[in-house]
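Q: Position 122, counted from 1, in the sequence shown is what our numbering calls 114; the numbers after and before it change by one each time, with no gaps.
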Amino acid sequence: KRLAENISHSSNLLYLGRGINVATALEGALKMKEVAYIHAEGYAAGEMKHGVNALLGSDMPTVMIVPDDHLYEKNLGTMNEVKARGSRTLIITDSEAEEIKGLADDLIVVPRINDELSPIIFMIPLQLLAYHTACQLGLDPDRPRNLAKTVTVE
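Laid out in structure tokens, this is it:
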């Protein structure tokens, strides 16, 4: 809830993931848009050399999904870049490494599971963040505007 209070004052958010968790970042950003009406963009951390770097700064909080996997060192480099540009960071990880704690303004540690299943465990705090942010803003996350509960195929 405390993290949601911080985020509720933002008008833009950046979600970063790498590898299989790019989709997790995209889904986290989508949930924030759908229920809290905050502009959020999911982005591949490996593409941080282009475009989105120009947006980083104190007015662009960044949510980073950082599993302790074969891409961990690359994610560490991205975390350093984001911090160097002044963005407030919320890092969601399954790592207990001390180095990650120094890069995170806020840290959520989830249980370590099989790499292929990691998007499931990382999505839980992202959904809760969107839910609590919506509640913080006085919105009903169970009744998002302009969102159909079913999809009709023509």
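Note that CB positions come from ideal geometry on N, CA and C, so glycine has one too.
1) How far does the beta strand (DSSP E) with M56 in it reach, from first residue to last?
2) Looking at M52: is its Cβ nearer than 8 Å to the Cβ of L6?
3) Can you tell me where the beta strand (DSSP E) with E95 in it begins and where it stops?
4) From the DSSP output, which residues share a beta bridge with H31?
5) Measure the C-alpha to C-alpha separation of M40 and K66 and round it to an integer number of angstroms.
6) Give the straight-line distance between the Cα atoms of D60 and L48, rounded to the nearest whole angstrom.
7) Taking the alpha helix (DSSP H) that T144 falls in, what are its first and last residues?
8) With three or more beta-carbon pairs closer than 8 Å as the criterion, would you say the region 22 to 38 touches the region 79 to 94?
9) Since I(-1) is in the alpha helix (DSSP H), which residue starts that stretch and which ends it?
10) Could you give the first and the last residue of the continuous alpha helix (DSSP H) run that contains V101?
11) Evaluate contact between the region 88 to 98 and the region 108 to 128, counting only Cβ atoms and requiring at least three cross-stretch pairs below 8 Å.
12) Quick one, are the C-beta atoms of N4 and H31 less than 8 Å apart?
13) Who are the Cβ neighbours of S2 in its own chain at under 6 Å, not counting the five residues just before and after it?
14) Taking all protein chains shown into account, do 16 or more other C-beta atoms lie within 10 angstroms of the C-beta of V55, making it buried, or fewer, making it exposed?
A: Well, looking at it:
1) Stepping through the sequence shown from its first residue, residue 56 is reached at position 64. That run of the beta strand (DSSP E) goes 54 to 58.
2) Residue mapping note: residue 52 aligns to position 60 of the sequence shown, counting from 1. Residue mapping note: residue 6 aligns to position 14 of the sequence shown, counting from 1. Taking 8 Å as the Cβ cut-off, M52 and L6 qualify as a contacting pair.
3) Walking along the sequence shown from the start, residue 95 turns up at place 103. Going by the sequence as given, residue 95 is Leu instead of Glu. Not the beta strand (DSSP E): L95 falls in the alpha helix (DSSP H), residues 90 to 95.
4) Translated into the one-based positions of the sequence shown, residue 31 becomes position 39. Answer is N4, bridged to H31.
5) Taking the sequence shown and counting its residues from 1, the one referred to as residue 40 is at position 48. Taking the sequence shown and counting its residues from 1, the one referred to as residue 66 is at position 74. For M40 and K66, the distance between alpha carbons rounds to 11 Å.
6) Here the question's residue 60 lines up with position 68 in the sequence shown. Here the question's residue 48 lines up with position 56 in the sequence shown. Approximately 24 Å between the Cα atoms of the pair.
7) Reading the sequence shown from its first residue, position 152 is the one you call residue 144. Note, T144: premise wrong, no alpha helix (DSSP H); not H, not E.
8) Touching, no.
9) As a working mapping, residue -1 is identified with position 7 in the sequence shown. -6 to -1 is the extent of the alpha helix (DSSP H) around I(-1).
10) As a first step, residue 101 must be located in the sequence shown, where it is residue number 109. Note, V101: premise wrong, no alpha helix (DSSP H); beta strand (DSSP E) at 98 to 101.
11) no
12) Taking the sequence shown and counting its residues from 1, one reaches residue 4 at position 12. Taking the sequence shown and counting its residues from 1, one reaches residue 31 at position 39. It is a contact, given that the beta carbons lie within the stated cut-off.
13) Here residue 2 refers to the residue found at position 10 of the sequence shown. Hits under 6 Å: P53.
14) Residue 55 sits at position 63 when you count from the first residue of the sequence shown. By the neighbour-count rule (16 or more Cβ atoms within 10 Å), V55 is buried.
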